[in-house]
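One structure below.
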Amino acid sequence: MRAERLFLLATIAAVLLLAGCGSAPVRDSAPSGRIGRLPADAVPRPEPYSRWGNGPVYEVLGTRYTVLPTANGYSERGVASWYGEKFHGRLTSSREPYDMYAMTAAHKSLPLPTYVEVRNLRNGRSIVVRVNDRGPFVHNRIIDLSYAAALRLGMVEDGTSLVEVTAITFDEPSGDRPTREVTAAPPAAATPIAEQPDPIRNVNGERLFVQVGAFGERGNAQRRLSLLSGNGIDNAFVHEDLGSGSAIYRVRIGPVSEVIQYDILVEQLENLGIFDPWLIAE
535 MRAERLFLLA
545 TIAAVLLLAG
555 CGSAPVRDSA
565 PSGRIGRLPA
575 DAVPRPEPYS
585 RWGNGPVYEV
595 LGTRYTVLPT
605 ANGYSERGVA
615 SWYGEKFHGR
625 LTSSREPYDM
635 YAMTAAHKSL
645 PLPTYVEVRN
655 LRNGRSIVVR
665 VNDRGPFVHN
675 RIIDLSYAAA
685 LRLGMVEDGT
695 SLVEVTAITF
705 DEPSGDRPTR
715 EVTAAPPAAA
725 TPIAEQPDPI
735 RNVNGERLFV
745 QVGAFGERGN
755 AQRRLSLLSG
765 NGIDNAFVHE
775 DLGSGSAIYR
785 VRIGPVSEVI
795 QYDILVEQLE
805 NLGIFDPWLI
815 AE
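Numbering (our numbering), first residue to last: 535 to 816.
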């Protein structure tokens, strides 16, 4: 089993290097020199949606994507990547020139532009970026950050990181997911790169789990657990949640700490017909 997992890890790593996102392979796209000062966060402000890149449906590489009608209530955890020098100066999906030194990002379904807060779940750093492009068009990636944004999050060297992305809006939130609401404020001063703290893994003491089902009956949860364990996923368990008054049995896997570990797990789950894993931070 260990040999099979090592083979799967190597295969996934090779595919990710060759696939390309809506951006270049990250290790080949950093600028040749260093930037002296990192830019401040993007400052959220109400903006009309762009005439370009807002669908409502578009197709890339044979896959159709649907643009959300609003960013209200959007919050998601998953894998972030970044893109840089190869696309510097090219037009984004909103027809704005891409600036790898600006605090921007690409997303497959959020309206353009949308402001989002991105939190690195490995080191606790948070930034605010303006989404003005489409991508990343690689499986199991939820946002593509500019080079500067990735540098601020401390994920340039690794190329990817597990993150939480939360929309920032100026309207009443809808749905059952949290929406961060803000009042526009003057931009903060740029931060010298030398003053950025070293990454501290799990700085908030959080552990990450992948949830693959929530059931009202323990028997259904146990059947899902048996499916996982019978196919080599041996770190799954049932979490009993009594918070709503009646018990909910949540099937979770983990903890997970690395992107490659998460990628392998998602691949295994899809082979079992499970396509809606949910990344949980506790």
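For each residue, glycine too, the CB sits at the ideal point set by N, CA and C.
Query raised in the report: Counting pairs of beta carbons, one from the segment 649–663 and one from the segment 583–591, are three or more of them closer than 8 Å?
Result: These segments do not touch.
Query raised in the report: When burial is assigned at 16 or more other CB atoms within 10 Å of the CB, is Pro573 buried or exposed?
Result: A residue is called buried once 16 or more other Cβ atoms fall within 10 Å of its Cβ, and Pro573 is buried on that count.
Requested in this report: Please classify Phe809: is it buried, with 16 or more other beta-carbons within 10 angstroms of its beta-carbon, or exposed?
Outcome: Phe809 comes out exposed.
Report task. Kindly identify the DSSP beta-bridge partner or partners of Ala770. Result -> The partner list for Ala770 (beta bridge, DSSP) reads Ile787.
**Report entry** Simplified DSSP state of Arg752, which is helix, strand or coil
**Finding:** In this structure, Arg752 counts as helix in the three-state DSSP scheme.
Query raised in the report: DSSP state of Asp575, grouped into three classes?
Result: Collapsing the DSSP output to three states places Asp575 in coil.
Requested in this report: Report the partner residues of Tyr649 according to the DSSP bridge assignment.
Outcome: The bridge partners DSSP lists for Tyr649 are Arg664, Ile702.
Query raised in the report: Comparing alpha-carbon positions, which option in Arg741, Thr700, Leu761 lies nearest Gly788?
Result: The closest CA to that of Gly788, considering only Arg741, Thr700, Leu761, is found on Arg741.
Query - Residue environment, Arg757, which counts as buried when at least 16 other CB atoms sit within 10 Å - result: Burial call: exposed.
Query - Endpoints, the beta strand (DSSP E) within which Asp633 is located - result: Asp633 -> no beta strand (DSSP E), and no H or E assigned at all.
Query raised in the report: In three-state DSSP terms, what is Val601?
Result: If DSSP states are grouped into helix, strand and coil, Val601 belongs with coil.
Query raised in the report: Ser763: buried (16+ other C-beta within 10 angstroms of its C-beta) or exposed?
Result: That one is exposed.
Query raised in the report: Out of Tyr635, Pro811, Gly612, which has the shortest C-alpha to C-alpha gap to Gln745?
Result: A check of alpha carbon separations from Gln745 across Tyr635, Pro811, Gly612 identifies Pro811 as the nearest.
Requested in this report: Return the CA-CA distance between Glu792 and Gly777, expressed in angstroms with no decimal places.
Outcome: The alpha-carbon atoms of Glu792 and Gly777 are separated by roughly 29 Å.
Report task. With Arg686 as the anchor, note down where its alpha helix (DSSP H) starts and where it stops. Result -> Where Arg686 is concerned, the enclosing alpha helix (DSSP H) stretches over 681–687.
Query - Inter-stretch contact (C-beta, 8 Å, three-pair minimum) for the segment 588–608 and the segment 653–660 - result: Counting C-beta pairs closer than 8 Å gives fewer than three between the segment 588–608 and the segment 653–660, which falls short of the contact rule.
Query raised in the report: Using CA coordinates, which residue listed in Ile702, Gly693, Pro578 is at the minimum distance from Glu610?
Result: Shortest Cα-Cα distance from Glu610 to any of Ile702, Gly693, Pro578 involves Ile702.
**Report entry** First and last residue of the uninterrupted beta strand (DSSP E) at Leu813
**Finding:** Annotation: the continuous beta strand (DSSP E) that includes Leu813 extends over 812–815.
Query raised in the report: Distance, Cα to Cα, Ile782 vs His773?
Result: CA-to-CA, the gap between Ile782 and His773 works out to about 8 Å.
**Report entry** Alpha-carbon spacing of Glu801 relative to Ile794, whole angstroms
**Finding:** Cα atoms of Glu801 and Ile794: separation of roughly 11 Å, rounded to the nearest angstrom.
Query - As assigned by DSSP and simplified to three states, the class of Arg611 - result: In this structure, Arg611 counts as strand in the three-state DSSP scheme.
**Report entry** C-alpha gap between Leu644 and Ala614, whole angstroms
**Finding:** C-alpha of Leu644 to C-alpha of Ala614: approximately 15 Å in a straight line.
**Report entry** 6 Å CB neighbourhood of Arg629 in its chain, flanking five on each side removed
**Finding:** Here the set comprises Trp586.
**Report entry** Inter-residue spacing [alpha-carbon to alpha-carbon] between Leu696 and Phe749
**Finding:** Taken atom to atom, the span from the alpha-carbon of Leu696 to that of Phe749 is near 26 Å.
Query - Buried or exposed by the 16-neighbour rule on C-beta atoms within 10 Å, applied to Asn531 - result: Residue 531 is absent from the structure shown; the chain starts at 535 and stops at 816.
Query raised in the report: DSSP state of Tyr796, grouped into three classes?
Result: Assignment of Tyr796 by DSSP, reduced to helix, strand and coil, places it in the helix class.
Query raised in the report: Roughly how many angstroms lie between the CA atoms of Glu619 and Glu751, to the nearest whole one?
Result: Each residue's Cα considered, the two are about 52 Å apart.
Report task. Go to Ala639, then tell me how far its beta strand (DSSP E) extends in each direction, as first and last residue. Result -> Unbroken beta strand (DSSP E) run through Ala639: 638–640.
Report task. In the DSSP assignment, find the unbroken beta strand (DSSP E) run with Glu593 in it and report its ends. Result -> 591–594 is the span of the beta strand (DSSP E), which, as asked, contains Glu593.
Query raised in the report: To which residues does DSSP link Asp678 through a beta bridge?
Result: DSSP lists Ser615, Ala640 as partners of Asp678.
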